[in-house]
DNA sequence: TCCGAAACTTACCTTCTGGTGCGTACCCTA
DNA sequence: TAGGGTACGCACCAGAAGGTAAGTTTCGGA
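Residue numbers (the numbering used here), protein chains in the order written: chain F, 1 to 113; chain E, 114 to 226.
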């Protein structure tokens with residue numbers, strides 16, 4: 001997305017990193033602390049394994065999360081946010097807050113009229 | 114998007130409003146002040162008329178921009194941000210800043226290695 | 001011997017997003 | 001009469017995003 005855009009304001013780049021249906025939720029769940037693949041799958045309700053892995057790979061490539069493999073049986077993999085991921089999470093917080101307020105506003109509008 | 118999501122953190126709602134390829138750029142161009150359809154089309158480089166109109170309608174429905182029609186010949190329509198739109202623009206600013214820094218980091222990484 | 005768990009991988013299919021191009025009403029200019 | 005500008009609407013189409021379902025490897029347990 002926005003590969004050919006006049007830089008505008010940096011939003012394009014940011015949305016490439018946390019855009020899509022799932023990444024924000026994934027980042028949110030991981031930001032509490034290291035978490036296993038299976039646990040993540042249970043927490044991010046509704047996501048398919050394919051999508052979870054695909055998104056995790058992309059987020060890893062973007063450098064916002066880190067993957068650690070433990071050579072155990074059964075296999076264990078843990079995901080955690082990187083320093084960059086933490087800054088992204090911080091940058092995204094105001095937007096999350098806005099989203100909450102906005103949702104509330106919508107609800108009130110629907111109730112009120 | 115995220116209609117059936119556990120509220121998580123409000124980000125889902127926010128991304129429904131400024132998600133997609135163009136809305137951020139449109140909001141950015143409008144936030145400087147009222148702007149006509151044609152001017153907007155010229156500023157948001159690469160957008161098609163269909164997409165511009167479609168996005169404007171959605172943003173209007175979401176209450177972040179306002180449309181004012183002047184019954185003149187040739188027709189004139191101006192778009193401006195609402196108070197809610199301004200708050201969204203503010204909420205999105207940190208993310209834009211992050212995107213800029215991130216882009217720079219990527220460039221440096223590419224140059225350095 | 002079959003099953004289940006973990007963390008994937010692969011193939012296939014559907015839905016959504018965005019793009020292209022044409023048509024519209026109205027007026028002005030040439 | 002022809003063409004251009006404004007702000008759209010509509011139909012069709014391609015590609016990306018996302019969903020579904022199955023297979024893989026290794027082990028322990030019934």
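Glycine included, C-beta positions come from ideal geometry on N, C-alpha and C. Keep in mind it's a predicted model, so treat the numbers as computed, not measured.
Proximity of residue i and residue j at Cβ, strictly below 8 Å
i: residue 176 of chain E; j: residue 208 of chain E; result: no
i: residue 225 of chain E; j: residue 19 of chain F; result: no
i: residue 190 of chain E; j: residue 149 of chain E; result: yes
Outcome for residue i when other beta-carbon atoms lying within 10 angstroms are tallied against a minimum of 16
i: residue 12 of chain F; result: buried
i: residue 14 of chain F; result: buried
i: residue 91 of chain F; result: buried
i: residue 178 of chain E; result: buried
i: residue 186 of chain E; result: exposed
Among the options, the one whose alpha carbon lies nearest that of residue i
i: residue 201 of chain E; options: F:99, F:88, F:89, F:86; result: F:99
i: residue 138 of chain E; options: F:77, F:10, F:39, F:18; result: F:10
i: residue 157 of chain E; options: E:147, E:173, E:135, E:178; result: E:135
i: residue 130 of chain E; options: E:174, E:152, E:162; result: E:174
i: residue 147 of chain E; options: E:163, E:199, E:164; result: E:199
i: residue 126 of chain F; options: F:40, F:93, F:48; result: Any property of residue 126 of chain F remains undetermined from this structure, which presents chain F solely from 1 to 113.
Backbone secondary structure at residue i - three-state DSSP
i: residue 65 of chain F; result: strand
i: residue 193 of chain E; result: strand
i: residue 156 of chain E; result: helix
i: residue 18 of chain F; result: helix
i: residue 148 of chain E; result: strand
* Say whether the stretch 48-56 of chain F touches the stretch 99-107 of chain F, bearing in mind that this needs 3 or more beta-carbon pairs closer than 8 Å, one atom from each stretch. => As far as the Cβ criterion goes, the stretch 48-56 of chain F does not touch the stretch 99-107 of chain F, which means the pair count is below three.
* Asked: Can you find at least 3 beta carbon pairs, one from the stretch 67-85 of chain F and one from the stretch 21-31 of chain F, that sit closer than 8 Å?
  -> Counting C-beta pairs closer than 8 Å gives three or more between the stretch 67-85 of chain F and the stretch 21-31 of chain F, which meets the contact rule.
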